[in-house]
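Enquirer: Take 6 as the starting number for the sequence shown in the numbering used here and just add one per residue.
From the three backbone atoms N, C-alpha and C, an ideal C-beta is built for every residue, glycine too.
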Amino acid sequence: MAPILSVTGITKRFGAVIAVDQVSLDVGANECLALLGPSGCGKTTLLRVMAGLDAPDAGTVAIDGADMTRTPPYARPVNMMFQSYALFPHMTVENNVAFGLEQERLPPAEVDARVKESLAAVEMEALASRKPHQLSGGQRQRVALARCIAKRPKALLLDEPMAALDKHLRERTQLELLALRRRLGISFVIVTHDQDEAMAMADRIAVMDKGRILQIDTPQALYERPASQAVARFFGDINLWPSGQAVRPERIGLSHTSGDIEGVVADIIYRGTATTYLVHTSDLTVRVLAQNTHGSSQFQKGEKVRLGWPTDAARMLPP
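1. Please report how far the alpha carbon of valine 310 lies from the alpha carbon of aspartate 288, in whole angstroms.
2. What separation, rounded to the nearest whole angstrom, lies between the Cα atoms of leucine 2 and glutamate 308?
3. To the nearest angstrom, how far is it from the Cα of proline 43 to the Cα of histidine 198?
4. Cα separation between asparagine 101 and valine 148?
5. Using three-state DSSP, classify glutamine 305 as helix, strand or coil.
6. From this set, Val116, Ala39, Val270, which residue's C-alpha is nearest leucine 166's C-alpha?
7. Could you tell me whether the Cβ atoms of valine 116 and alanine 103 are closer together than 8 Å?
8. Under 8 Å, do phenylalanine 193 and leucine 163 count as touching if we go by C-beta distance?
9. Could you give the uninterrupted runs of the beta strand (DSSP E) lying entirely in the stretch 185–252, keeping only those of 3 residues or more?
10. Does the beta-carbon distance from isoleucine 15 to glycine 64 come in below 8 Å?
11. Determine, using beta-carbon pairs with one atom in the stretch 271–283 and one in the stretch 292–306, whether at least three such pairs fall under 8 Å.
12. Go through its chain and collect everything with a Cβ distance to alanine 232's Cβ below 6 Å, but skip five positions before and after it.
13. Where do the N-terminal and C-terminal ends of the beta strand (DSSP E) with glycine 64 fall, by residue?
14. Using three-state DSSP, classify threonine 298 as helix, strand or coil.
15. Which residues in the same chain have their Cβ closer than 8 Å to the Cβ of threonine 223, if we skip the five residues on either side of it in sequence?
16. Would you mind stating whether glycine 33 and isoleucine 68 have Cβ atoms separated by less than 8 Å?
17. By a C-beta neighbour count over all protein chains shown, 10 Å radius and 16 as the cutoff for buried, is glutamine 200 buried or exposed?
18. When we look at the beta-carbon of glutamine 225 and count the other beta-carbons within 10 Å, is it buried (16 or more) or exposed?
19. For tyrosine 79, name the three-state secondary structure that DSSP assigns.
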């Protein structure tokens, strides 16, 4: 099946700065692709190129098989949701959702039907007459989503959509977005710097740094089989020895008697269901993640311990 959205060889410069450097990727039908990376890595610029808000200096953007590289944003079958949500403060929820449809001069009956359908999809139909200042942050986000999906885009582009939400609301909204995507059959491209958010929402993740894609794969593959130390460091906690050997904290066993490496417990971080131990060894400070179960051994700060792991837990990674 042909991808819904493809970018090929995209490069975008701002003066002497190369924000996006020869990036190519595809987004499949009903797929959620996350662009993950630190601030300034080029992920938002790439999203804006997809939306048509920034013109690339090189490369092409195709949507549903058609070249859209020079097509203006309003003529592309995609919609972009910004961090600020960009709702009109003087308009009601209903009017905010209807605005883009009215600009397309759709028949009033169709506008009304799409507005009702979109508000129902995000469970906001009961608040249709309210204005943005009368809504919570999560409710405003739902209105912004309803406005996007009312135009029935081929793909929805989301720039840090949950950055302003607290932890519990963010987790609930992630689940709502997943359910909404499956129900509507819309492809998502989501920009985030939060690895947990990317893992929770995405079918595939593109890890970006300095304008390039370091690796693109499923969340499980990226976590268990990172292609480089750079990906491993960014994607979850990792212990990296000077030799290039890498081991995830949860694969390391901590014991008083068994294990090839000696160390001393330097610090302890209790996390409820698990405890992170920071263990000083001759080479580095090793992070060990131990699940807290009834009757499990507890180690004390300053205590001498031994570390070990199964052979399949270690990988040699290039820089």
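Expert: In terms of the structure at hand:
1. Within the sequence shown, the letter at position 305 stands for residue 310. Within the sequence shown, the letter at position 283 stands for residue 288. Cα-Cα distance, rounded: 15 Å.
2. Because the chain here runs from 6 to 324, residue 2 falls outside it and cannot be looked at.
3. Position 38 of the sequence shown, counted from the first residue, corresponds to residue 43. Position 193 of the sequence shown, counted from the first residue, corresponds to residue 198. Computed Cα separation, rounded: 6 Å.
4. Here the question's residue 101 lines up with position 96 in the sequence shown. Here the question's residue 148 lines up with position 143 in the sequence shown. Using only the alpha carbons, I get a separation of about 8 Å.
5. On the sequence shown, position 300 is the one that residue 305 refers to. In the structure shown, glutamine 305 sits in coil (DSSP, three-state: anything other than H, G, I, E or B).
6. Looking up residue 166 in the sequence shown gives position 161. Rather than leucine, the amino acid found at residue 166 in this sequence is proline. Minimum Cα distance to proline 166 is reached at Ala39.
7. Sequence index remark: in the sequence shown, residue 116 carries index 111 (1-based). Sequence index remark: in the sequence shown, residue 103 carries index 98 (1-based). Yes, Cβ-Cβ distance for valine 116 and alanine 103 is below 8 Å.
8. On the sequence shown, position 188 is the one that residue 193 refers to. On the sequence shown, position 158 is the one that residue 163 refers to. Cβ atoms of phenylalanine 193 and leucine 163: closer than 8 Å.
9. 192–197, 209–214, 217–222, 250–252
10. Taking the first residue of the sequence shown as 1, we reach residue 15 at position 10. Taking the first residue of the sequence shown as 1, we reach residue 64 at position 59. Cβ atoms of isoleucine 15 and glycine 64: closer than 8 Å.
11. yes
12. For the purposes of this step, residue 232 is taken as residue 227 along the sequence shown, with counting starting at 1. Within the same chain, alanine 232 has close Cβ partners Gln220.
13. What you label residue 64 is simply residue 59 of the sequence shown in a count that begins at 1. Start and end: 63–68.
14. Locating residue 298 in the sequence shown gives position 293, where the first residue counts as 1. Three-state result, threonine 298: coil.
15. The count along the sequence shown starts at 1 and reaches residue 223 at position 218. Answer for threonine 223: Asp208, Arg209, Ile210, listed in chain order.
16. In the sequence shown, the residue the question calls residue 33 occupies position 28. In the sequence shown, the residue the question calls residue 68 occupies position 63. In this structure, isoleucine 68 does not lie closer than 8 Å to glycine 33 by Cβ.
17. Taking the sequence shown and counting its residues from 1, the one referred to as residue 200 is at position 195. It is buried - the Cβ of glutamine 200 has at least 16 other Cβ atoms within 10 Å.
18. In the sequence shown, counting from the first residue as 1, residue 225 sits at position 220. Classification of glutamine 225: exposed, given that the 10 Å Cβ count is below 16.
19. Here residue 79 refers to the residue found at position 74 when the sequence shown is read from its first residue. In the structure shown, tyrosine 79 sits in a helix (DSSP, three-state: H, G or I).
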